[in-house]
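Counted the way the working numbering counts, the sequence shown spans residues 52 to 233.
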Amino acid sequence: MRTLLIFALLTLSACKRAPELQRFGQVPPFELVSQTGQKTTLADLKGHVWVADAIFTNCQGPCPMMTSKMRGVAKEVESLADVRIVSLTVDPEHDSPEVLTAYAKEFQAKPAQWLFLTGAKEVLNQVSQDGLHLSKVDGSLEHGTRFALVDKTGEVRGYYRPFEKAEMKKLVSDIRDLAEPR
């Protein structure tokens, strides 16, 4: 009887796992440049869980606040070796690797964990709009204010509003679930 009870409790706890994350599509292959001047491709991010957003460095609106929230996420998951943070610029004409380096330093971003990416407007648009469904990169500097969670295969698995505390907690939990499957 005791063995049956233990089995029932184990089965019940397994059923209480978080629901499976949705699948929103694959990020297309890309080649961009990081704040350190290194070429960065989708292949470089395969095998890592990553969180992405779209920002620009001379934004006077939500970008500094979003980057600050992303900094909080980065701190929460810094012990997870397979997690990366990716900030894509929507202003590639201004946001050179040097400008992105200065911006990254403002937010104490560690280059091994957090990539600030720039490159050709067409490639950024393909990744940001078509792949991550975050923002158009069309010169307007208009962009969304959500974070996208991408799994180790390059598939988008969730979207989160950075100014909602509960969603940031869920993002960190979902990152952990994808990085350290139970």
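Virtual Cβ for every residue (Gly too), placed ideally from N, Cα, C.
All values reported here derive from a predicted model rather than from experimental measurement.
Assignment of beta-bridge partners to Thr152 by DSSP yields no partner. Taken atom to atom, the span from the alpha-carbon of Ala171 to that of Ala132 is near 29 Å. Residue environment for Pro143: buried (at least 16 other C-beta atoms within 10 angstroms of its C-beta).
Taking 8 Å as the upper bound for CB-CB distance, Ala125 and Gln164 are in contact here, some 6 Å apart.
Sequence-distant Cβ neighbours of Lys97 in its own chain, meaning closer than 8 Å and more than five residues away, are Lys203, Thr204, Gly205. Between the segment 188-198 and the segment 149-165, the count of Cβ pairs shorter than 8 Å is below three; the stretches do not touch.
Gln86 counts as buried, since no fewer than 16 other beta carbons sit within 10 angstroms of its beta carbon. Per DSSP, Gly209 is one residue of the beta strand (DSSP E) stretching across 207-211.
No Cβ-Cβ contact shorter than 8 Å links Phe75 with Thr92. According to the DSSP assignment, Glu82 belongs to the beta strand (DSSP E) that extends over 82-84. If you check the CB distance, Leu72 and Asp225 come in under 8 Å. Excluding the 5 residues flanking it on each side, Val223 has same chain C-beta neighbours closer than 8 Å at Val124, Glu127, Val128, in chain order. Annotated as distal: Lys120 and Pro232, with beta-carbon spacing of 8 Å or more.
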